[in-house]
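First comes the structure, then the notes that go with it.
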Amino acid sequence: MTSFASQRSSKGSFSFRSLRTRPKRASSANAGDDDEPSDADYPYVWALRKTSVLDWEKDVPDADARRAEVKRMFALPVDVVPGEVYLGDAVCARDVARLQSLHITHVLNAAGAAAAAPAAAYAAAGIETLVLEARDEPGYPMLANHLDAARAFLAKARRGGGAVLVHCVQGLNRSGVLVAADLMLEERRSVLDAVRHCRARRGNECVSNKTFQRDLVDLARREDLLGPPPGAPGGAVAQEAPPRPAAPAAEPPPRRAPSRRRSTSLWGRLMRASSRAG
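At position 16 of the sequence shown the residue is numbered 1002 (the numbering used here), and the sequence of numbers has no breaks.
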């Protein structure tokens, strides 16, 4: 059975309606940029955006082991929660035989028609699906629009002892942020630890959309799952965030040259007539 969720997810037992009405973020030097976080959230968003901070290769120093990991990452789908949650792209989602070999019972398509899969083959295999018409673009409120529906679908699969493939087109941003958010909330992990784990399974480009990063940190703050900031003892990141760069000064508007209006007074007309006569 296939169900469809619009850009506004339906109300369910998992409610994150507070995400839909975001409070104004604290003023900052970068407040004019819609993808920029508040000053309080900046260290966490910085850690997500600077790829080297959560680079999975740091934990795999051996070159042969790194090559093996890269090979595993491309053998989609990859398991994020073994036996429960898989992350993949549109191509692997169409390989029904592969899904059956992994005992996947549910498939969540986070990219709608752009990542359409064989509905008839799913039905024949008894695979239940959820389709979300989401977009991977700056400013798109992925979590506000779709997290409720995604978590309800994942919870349903867990209750039935099933496994879920979450995919989009490439298996990086739309599906990646949903899996990272679910992992963070389900296991009460800190946001940086959850993303670190997802990147270790899927690669460093996982959750690279700046809006999704900012909103994931915003959700973590609301759920008290920020964890220690980068550089703090016991945190997921040893490196401290650098000072926030100042926003460039706004350029003053160009000065308009004074307009030269022709005088309509008697004196003006006489002066123009005199210049033409001369």
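Backbone N, C-alpha and C fix where the C-beta goes; we use that ideal spot for every residue, glycine too.
Got a sec, what are the start and stop residues for the alpha helix (DSSP H) residue i sits in?
{"i": "VAL1064", "result": "Note, VAL1064: premise wrong, no alpha helix (DSSP H); beta strand (DSSP E) at 1064-1067."}
{"i": "ARG1115", "result": "Per the sequence presented here, residue 1115 reads as Thr, with Arg not at that position. Run containing THR1115: none in the alpha helix (DSSP H); it sits in the beta strand (DSSP E), 1114-1118."}
{"i": "TYR1126", "result": "Note, TYR1126: premise wrong, no alpha helix (DSSP H); not H, not E."}
{"i": "GLN1086", "result": "1082-1087"}
Out of the options, which one is the CA nearest neighbour of residue i?
{"i": "VAL1082", "options": "ALA1099, VAL1064 and ALA1107", "result": "ALA1107"}
{"i": "ALA1110", "options": "THR1091, GLY1125, ALA1096 and LEU1118", "result": "THR1091"}
{"i": "TYR1126", "options": "PRO1231, GLN1199 and ALA1222", "result": "GLN1199"}
{"i": "ALA1099", "options": "ALA1218, LEU1040 and ALA1079", "result": "ALA1079"}
Give the straight-line distance between the Cα atoms of residue i and residue j, rounded to the nearest whole angstrom.
{"i": "SER1191", "j": "GLU1237", "result": "Sequence inspection shows Glu at residue 1191; the Ser mentioned does not correspond to that position. Distance between the alpha carbons of GLU1191 and GLU1237: 34 Å."}
{"i": "GLY1147", "j": "ASP1065", "result": "16 Å"}
{"i": "ARG1121", "j": "LYS1196", "result": "13 Å"}
{"i": "ARG1117", "j": "VAL1077", "result": "In the sequence on display, residue 1117 carries Val and not Arg. Approximately 16 Å, taken between the alpha carbons."}
{"i": "ALA1143", "j": "CYS1154", "result": "19 Å"}
{"i": "SER1013", "j": "SER1024", "result": "Confidence in SER1013 is poor, its pLDDT being 36 and thus under 50, which makes the residue's placement unreliable; the coordinate value appears in the next sentence. Their backbone Cα atoms lie some 7 Å apart in a straight line."}
{"i": "ASP1045", "j": "GLU1119", "result": "36 Å"}
{"i": "LEU1073", "j": "VAL1165", "result": "8 Å"}
{"i": "LEU1280", "j": "GLU1226", "result": "Nothing about residue 1280 can be read from this structure; the chain reaches only from 987 to 1264."}
{"i": "LYS1010", "j": "ASN1131", "result": "The predicted position of LYS1010 is uncertain, since its pLDDT is 39 and thus under 50; a value taken from the coordinates is nonetheless stated next. Cα to Cα, the separation comes out at about 18 Å."}
{"i": "VAL1152", "j": "GLU1173", "result": "18 Å"}
{"i": "ASP1204", "j": "ASP1027", "result": "7 Å"}
Counting C-beta neighbours from all protein chains within 10 Å, is the total for residue i 16 or more, i.e. buried, or is it exposed?
{"i": "ARG1242", "result": "exposed"}
{"i": "ARG1187", "result": "buried"}
{"i": "GLN1086", "result": "exposed"}
{"i": "GLU1123", "result": "exposed"}
Quick check on residue i - is its C-beta less than 9 Å from some C-beta in chain D?
{"i": "VAL1223", "result": "Going by chain labels, chain D is absent from the structure shown, which holds only one protein chain."}
If you follow the beta strand (DSSP E) that residue i is in, where does it begin and where does it stop?
{"i": "VAL1150", "result": "1150-1153"}
{"i": "GLY1268", "result": "Outside the displayed range of the chain (987 to 1264) lies residue 1268, so it cannot be described from this structure."}
{"i": "HIS1092", "result": "1092-1095"}
{"i": "LEU1034", "result": "That residue, LEU1034, is in no beta strand (DSSP E); its alpha helix (DSSP H) goes 1028-1035."}
{"i": "VAL1071", "result": "1071-1074"}
With a threshold of 8 Å (Cβ to nearest heavy atom), would residue i be considered close to the ligand GTP?
{"i": "GLU1022", "result": "No copy of the ligand GTP occurs in the structure displayed, which carries no ligand at all."}
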